[in-house]
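Trainee:
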Amino acid sequence: MWGIIPIKSLNQAKHRLKHVLYPEERQEFFKAMFEDVLSTMMSVPDFEQVAVATVCPVAIIIAKKYGAIVLSTSQDEGQTAAVERSVEILDARGITRMLVIPGDVPLVTVEEIQIVLELHEKAPSMTIVPARDELGSNCIALSPPTAAPLRFGPNSYFPHLETARKLGLALQTPKLPGLGLDIDTPEDLLELSRQTVRTRAQEYLLKRNIVERLNNK
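Written out as structure tokens, the structure reads:
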């Protein structure tokens, strides 16, 4: 099993937070989340490799710092295109299983990823963890990586379910709290700040007094 993290350019990160975070804050906050996700994935013993799919120079530096492989996506076209390019590379290398997690779920744990891997069935199969609102897709395991087309972003969860069923894939849909919280809105920032576990992303919010700023709005 390969773990894949698709990362678009940091200067495009988290535009939905532009009304509450300054551009530099959005970039630094996303870097913190990405490091939370990457460090967790690098600690999962069942991954043969962890790869970051990106052309972002900053993300490449971070990936190499943690010992992850970099899959060049040729150009910055967003998460879905990065995953499509990753699938092509993995298929060419004969990799038969992959798990994709975006870089904005800082509360993900090794234990949650292990749950996904344990539930994931023999190919052809898909295991998908929804966002807490059951609109987005926050983690997808797919065997083989070419078994189904993937898309990321809002309103992707139910289309993925429909695709899996049409293709006859063995399907699992666990709901996991850490993976379920992707950070897209001011409400998500506040929810992240309330969690007792401490991540790089939470520390950044505290350091910049961002939660206090949100509460005063």
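Quick note: the numbering used here has the sequence shown finishing at residue 218, numbered continuously throughout.
Glycine included, each C-beta is placed from N, C-alpha and C at the ideal position.
(1) If we call anything under 8 Å between Cβ atoms a contact, is L108 one with G154?
(2) Do you know offhand how far N156's Cα is from R17's?
(3) Can you tell me where the beta strand (DSSP E) holding P131 begins and where it ends?
(4) With distances taken from CA atoms, which of I8, A142, P7 and V21 is nearest N217?
(5) Can you tell me where the beta strand (DSSP E) holding L11 begins and where it ends?
(6) CB of E26 to nearest heavy atom of the ligand GDP: below 7 Å?
(7) Return the first residue and the last residue of the beta strand (DSSP E) that Q80 is part of.
(8) Do A142 and L162 count as a contact pair if the criterion is CB distance below 8 Å?
(9) Would you identify the three-state DSSP class for S194, choosing helix, strand or coil?
Mentor: So, from the listed chains and residues:
(1) What you label residue 108 is simply residue 107 of the sequence shown in a count that begins at 1. What you label residue 154 is simply residue 153 of the sequence shown in a count that begins at 1. No, Cβ-Cβ distance for L108 and G154 is not below 8 Å.
(2) By 1-based counting over the sequence shown, the position of residue 156 is 155. By 1-based counting over the sequence shown, the position of residue 17 is 16. Cα-Cα distance, rounded: 15 Å.
(3) Here residue 131 refers to the residue found at position 130 when the sequence shown is read from its first residue. Looking at the DSSP string, the run of the beta strand (DSSP E) that includes P131 is S126 to P131.
(4) Taking the sequence shown and counting its residues from 1, one reaches residue 217 at position 216. Checked all of I8, A142, P7 and V21; the closest Cα to N217 is V21.
(5) Your numbering for residue 11 matches position 10 in the sequence shown. Neither: L11 is in no beta strand (DSSP E) and is coded neither H nor E.
(6) Although the ligand GDP was asked about, the structure shown includes no ligands whatsoever.
(7) Position 79 of the sequence shown, counting from 1, holds the residue named residue 80. Where Q80 is concerned, there is no enclosing beta strand (DSSP E), although the alpha helix (DSSP H) it sits in stretches over Q80 to A93.
(8) If you number the sequence shown from 1, residue 162 lands on position 161. If you number the sequence shown from 1, residue 142 lands on position 141. Contact flag unset, no.
(9) In the sequence shown, the residue the question calls residue 194 occupies position 193. Three-state result, S194: helix.
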